[in-house]
Amino acid sequence: MEQATLVRHAVKEPTVSPMREALVAVPAPTREPLPVIGPDLTEDEIQLLAEVATGVTTDVAARRLELSARTLRRRLRSICDRLGVNTPIEAVVWAARRQLI
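Here the sequence shown stands for residues 1 to 101, where the numbers follow full-length UniProt numbering.
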């Protein structure tokens, strides 16, 4: 019975420390968009990256862009090679940080 009373009293105490409240009050730093440095992307390539960024499969993205899935994968590989990244997701992040998509 005494343990239940102690738990009840502990719950009544504030659970958020003043240090945590101070950290929450500080706004997160804003990240400036990176300048567009590097290879120029065509409108079609930017549209392709924007479609991939929506999270659809390559087959769905290819259908929406009226391409074959193989062509879409080949173009993604070409974009990745020119940007110096390893995956299409990294290419999407590269474009998003530069506010291209």
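From the three backbone atoms N, C-alpha and C, an ideal C-beta is built for every residue, glycine too.
Please read all numbers here as calculations on a predicted model, not as lab measurements.
Taking the alpha carbon of THR58 as the reference point, which residue from LEU72, GLU45, ILE46, GLN47 has its own alpha carbon closest? By 1-based counting over the sequence shown, the position of residue 58 is 58. Cα-wise, what sits closest to THR58 is LEU72.
When THR87, LEU76, SER68, ASN86 are compared against GLU45, the one with the closest alpha-carbon: Walking along the sequence shown from the start, residue 45 turns up at place 45. The shortest Cα separation from GLU45 among THR87, LEU76, SER68, ASN86 belongs to LEU76.
From the DSSP output, in three-state form, read off VAL92 for me. The sequence position of residue 92 within the sequence shown is 92, counting from 1. In this structure, VAL92 counts as helix in the three-state DSSP scheme.
Host alpha helix (DSSP H) of GLU66 (start-end): Position 66 of the sequence shown, counted from the first residue, corresponds to residue 66. It is not in any alpha helix (DSSP H) - GLU66 carries neither H nor E in the DSSP assignment.
Counting C-beta neighbours from all protein chains within 10 Å, is the total for VAL56 16 or more, i.e. buried, or is it exposed? Reading the sequence shown from its first residue, position 56 is the one you call residue 56. Counting Cβ neighbours within 10 Å, VAL56 comes out exposed, since fewer than 16 surround it.
Buried or exposed: PRO39, going by 16 or more other Cβ atoms within 10 Å of its Cβ? As a working mapping, residue 39 is identified with position 39 in the sequence shown. When all chains shown are included, PRO39 counts as exposed.
For ILE79, count the other beta carbons within 10 Å of its own beta carbon; 16 or more makes it buried, fewer makes it exposed. Which is it? Position 79 of the sequence shown holds residue 79. So ILE79 counts as buried.
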